[in-house]
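Scroll down for the structure; my scribbles are underneath it.
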Amino acid sequence: MNSRHTLRNSILLGLSFALMMAALYMVFVYVPTEKNTGVVQRIFYFHVPVAWVAFLAFFVTFISSILYVWKRATRWDAIACASAEIGVIFTTLVLITGPIWAKPAWGIWWTWDARLTTSLVLWIIYITYLLVRRLATDPARGARYGAVIGIVGFIDVPIVFLTVNLWRTQHPTTIIFEGGLTTPMLLALIVCIAAFTVLYVLLLVQSAELKSMKADITYLKSMMQGE
Amino acid sequence: MENMGYLLAAYAVIWAVVFGYVLVMQRKQRQLQRQVELLQESLNRSKTDDKQTG
Numbered sequence: 322m323n324s325r326h327t328l329r330n331s332i333l334l335g336l337s338f339a340l341m342m343a344a345l346y347m348v349f350v351y352v353p354t355e356k357n358t359g360v361v362q363r364i365f366y367f368h369v370p371v372a373w374v375a376f377l378a379f380f381v382t383f384i385s386s387i388l389y390v391w392k393r394a395t396r397w398d399a400i401a402c403a404s405a406e407i408g409v410i411f412t413t414l415v416l417i418t419g420p421i422w423a424k425p426a427w428g429i430w431w432t433w434d435a436r437l438t439t440s441l442v443l444w445i446i447y448i449t450y451l452l453v454r455r456l457a458t459d460p461a462r463g464a465r466y467g468a469v470i471g472i473v474g475f476i477d478v479p480i481v482f483l484t485v486n487l488w489r490t491q492h493p494t495t496i497i498f499e500g501g502l503t504t505p506m507l508l509a510l511i512v513c514i515a516a517f518t519v520l521y522v523l524l525l526v527q528s529a530e531l532k533s534m535k536a537d538i539t540y541l542k543s544m545m546q547g548e
Numbered sequence: 005m006e007n008m009g010y011l012l013a014a015y016a017v018i019w020a021v022v023f024g025y026v027l028v029m030q031r032k033q034r035q036l037q038r039q040v041e042l043l044q045e046s047l048n049r050s051k052t053d054d055k056q057t058g
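Protein chains in written order, with our numbering: chain A, 322 to 548; chain B, 5 to 58.
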């Protein structure tokens with residue numbers, strides 16, 4: 322890793338830490354408690370940014386998979402795979418934090434409504450992506466199959482996003498775009514989204530570098546064994 | 005502060021999972037670093053052998 326990479330990673334780490342501290346202050350101190358659902362509404366300030374990062378991660382996988390199929394450069398495959406991995410982690414967090422909010426708000430942990438079900442389907446699609454990558458005996462073939470899932474699987478992302486508008490669901494609608502938040506609430510949400518986006522970029526850069534390094538080592542090993 | 009436990013549980017899960025992922029990445033990095041060192045050693049050995057036979 323050269324000094325430019327180290328400097329970039331240090332800046333991302335510092336920025337991520339500062340934004341997370343600001344986000345925690347805003348969520349626990351600055352923002353007022355919502356009248357109807359009470360203190361548990363504060364889960365929203367992390368649940369929404371985590372969902373945003375999951376969508377962003379799968380979008381990056383989608384674009385990188387297209388670029389890999391087109392250019393066959395392993396760099397794009399490393400980015401696609403790293404982003405899918407982070408997307409799965411953040412979708413897992415969405416599927417955990419959602420029910421934790423739902424239990425006190427709805428009285429139940431889970432219901433098979435359109436938003437929750439399509440979110441679970443999204444998680445299964447990208448778990449499949451990671452399993453295909455891991456179980457493929459030939460890395461190049463695994464990358465090709467993964468790229469196909471990364472491109473086709475992305476169809477579910479806009480479906481998840483639109484479910485609350487297309488169907489009658491128990492999940493709250495997109496109040497952010499309808500002026501349903503007060504200014505402090507909106508400000509806290511924006512800071513939280515920024516904090517999690519920077520954290521995503523930091524994790525992506527680190528993970529993609531590791532995957533590229535692993536691919537280089539595998540290639541070098543095969544070259545040495547072939548000599 | 006009703007339902008505070010749910011709020012704390014949600015935040016704890018988020019940080020535990022993110023921290024766990026960072027730890028997994030760190031372990032992978034150490035493993036790769038070891039593999040690079042082994043490759044370097046192997047390369048140096050083969051260079052020495054080449055010099056001796058050449």
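We put the CB at the ideal spot given by N, CA and C, even for glycine.
Within a Cβ cutoff of 6 Å, which residues of the same chain sit near residue i, ignoring the five residues on either side of it in sequence?
i: E530/A; result: none
i: G474/A; result: I446
Taking buried to mean at least 16 other C-beta atoms within 10 Å of its own C-beta, is residue i buried or exposed?
i: L456/A; result: exposed
i: P549/A; result: As shown, chain A starts at 322 and ends at 548. That puts residue 549/A outside it, with no answer to give.
i: D398/A; result: buried
i: T418/A; result: buried
i: T439/A; result: buried
i: V361/A; result: buried
i: T382/A; result: buried
i: G467/A; result: buried
i: L510/A; result: buried
i: V374/A; result: buried
i: S543/A; result: exposed
i: R363/A; result: buried
i: Q37/B; result: exposed
i: Q35/B; result: exposed
i: Q30/B; result: exposed
Would you tell me roughly how many angstroms separate the C-alpha atoms of residue i and residue j, rounded to the nearest one?
i: S46/B; j: V409/A; result: 37 Å
i: V415/A; j: T539/A; result: 34 Å
i: V40/B; j: Y25/B; result: 23 Å
i: N48/B; j: Y450/A; result: 39 Å
i: V350/A; j: K535/A; result: 44 Å
i: V22/B; j: G335/A; result: 16 Å
i: L333/A; j: S324/A; result: 14 Å
i: H492/A; j: L12/B; result: 21 Å
i: I18/B; j: K51/B; result: 50 Å
i: V442/A; j: F482/A; result: 13 Å
i: P353/A; j: F411/A; result: 26 Å
i: E406/A; j: W444/A; result: 11 Å
i: Y15/B; j: V28/B; result: 20 Å
i: T57/B; j: L541/A; result: 24 Å
i: R556/A; j: A464/A; result: What is shown of chain A runs 322 to 548, which leaves residue 556/A out entirely.
i: W391/A; j: W433/A; result: 38 Å
i: V512/A; j: T503/A; result: 14 Å
i: H368/A; j: Q44/B; result: 46 Å
i: V453/A; j: D459/A; result: 11 Å
i: G501/A; j: T494/A; result: 10 Å
i: Q33/B; j: I480/A; result: 36 Å
i: D53/B; j: H326/A; result: 36 Å
i: L508/A; j: G359/A; result: 19 Å
As a quick exercise: from the options, pick the residue whose alpha carbon is nearest that of residue i.
i: M506/A; options: L333/A, F338/A, L328/A, E355/A; result: E355/A
i: M347/A; options: L523/A, T518/A, I514/A; result: I514/A
i: S385/A; options: V374/A, C402/A, R454/A; result: C402/A
i: Y389/A; options: A426/A, R462/A, W373/A; result: R462/A
i: G471/A; options: Q527/A, I400/A, R489/A; result: I400/A
i: M545/A; options: T57/B, K55/B, L42/B; result: L42/B
i: R396/A; options: D537/A, E406/A, S533/A, I480/A; result: S533/A
i: N7/B; options: N357/A, T494/A, S331/A, I511/A; result: N357/A
i: S331/A; options: P479/A, V519/A, S404/A; result: V519/A
i: F376/A; options: W427/A, T494/A, I476/A, T503/A; result: I476/A
i: V478/A; options: F380/A, H326/A, W391/A; result: F380/A
i: A20/B; options: T413/A, L328/A, W373/A; result: T413/A
i: A426/A; options: F365/A, W488/A, S404/A, A372/A; result: F365/A
i: I387/A; options: V469/A, L508/A, H326/A, A372/A; result: V469/A
Suppose the cutoff is 8 Å on Cβ atoms and the five residues either side in sequence are ignored; what does the same chain contact list for residue i look like?
i: A516/A; result: S337, L340, M341, A343, A344, P370
i: L525/A; result: A378, V381, I400, A403, S404, I407
i: L487/A; result: A435
i: R329/A; result: V526
Kindly list the residues whose CB is nearer than 7 Å to the CB of residue i, restricted to its own chain and excluding five residues on each side of it in sequence; keep chain order.
i: W430/A; result: P420, A423, K424
i: T484/A; result: A435, R436, T439, T490
i: V522/A; result: L333
i: I448/A; result: V409
Enumerated in chain order, which unbroken segments of the alpha helix (DSSP H) with a length of 4 residues or greater are wholly contained in the region 462-544 of chain A?
477-487
Extract the residue ranges of the alpha helix (DSSP H) inside the region 393-467 of chain A, only unbroken runs of 4 or more that lie entirely within it.
395-427, 435-456
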